[in-house]
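Participant: Residue numbers (UniProt numbering): 1 to 118. Every residue, glycine too, gets a C-beta built ideally from N, C-alpha and C. In this text the structure is predicted, and so the values were computed from the model without any measurement.
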Ligand code: HEC
């Protein structure tokens with residue numbers, strides 16, 4: 001009987017374990033959770049608006065072909081002026097790389113400028 005209980009506990013525990021790997025968010029989900037609110041294309045996103053003000057040719061992160069992986073990692077870890085830094089407990093290095101891969105693989109947006117163009 002004891003053996004049976006131990007065995008069923010083991011089965012339950014390993015089931016929990018595999019559930020966790022399934023639920024781990026991927027690059028697209030982490031982007032949506034941690035970055036989209038400030039960096040999605042269009043008005044109402046402070047990151048996009050400030051980067052447009054700073055004169056970036058493409059203001060959203062999507063569609064940038066000049067974003068270096070090391071540069072993005074450094075910004076995410078240290079922040080930049082208005083952008084808060086992210087700790088390794090919030091985003092691991094691997095998760096930052098997945099976000100980078102997602103940004104690079106996404107289709108460039110058809111942008112409506114964040115600010116009116118004359
Ligand atoms: C609270 C809003 C906010 C969040 C959340 C945020 N950012 Fe930013 N980010 C900004 C702002 C604002 C800037 C522009 C810097 C400035 O002028 O203040 C910026 C700049 C950047 C830059 C530099 C781009 C360039 O052209 O130099 C990168 C790269 C970047 N963010 C990546 C990310 C990633 C990846 C995430 C998610 C993990 C993220 N940001 C989350 C607000 C945010």
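#1: What did DSSP end up calling residue 72 once you bin it into helix, strand or coil?
#2: For residue 27, is the classification buried or exposed, using 16 other Cβ atoms within 10 angstroms of its Cβ as the cut-off for buried?
#3: Flag this pair as yes or no: are the beta carbons of residue 69 and residue 100 separated by less than 8 Å?
#4: Of all Cβ atoms in chain C, is any one closer than 8 Å to the Cβ of residue 83?
#5: Which of the three DSSP states is assigned to residue 49 in this structure?
#6: The ligand HEC and residue 82: does any heavy atom of the ligand fall closer than 7 Å to the residue's C-beta?
#7: When burial is assigned at 16 or more other CB atoms within 10 Å of the CB, is residue 81 buried or exposed?
Facilitator: Straight from the coordinates:
#1: Reduced to three states, the DSSP call for residue 72 is helix.
#2: When all chains shown are included, residue 27 counts as buried.
#3: yes
#4: Given the protein chain composition of this structure (a single chain), no chain C is represented.
#5: helix
#6: yes
#7: exposed
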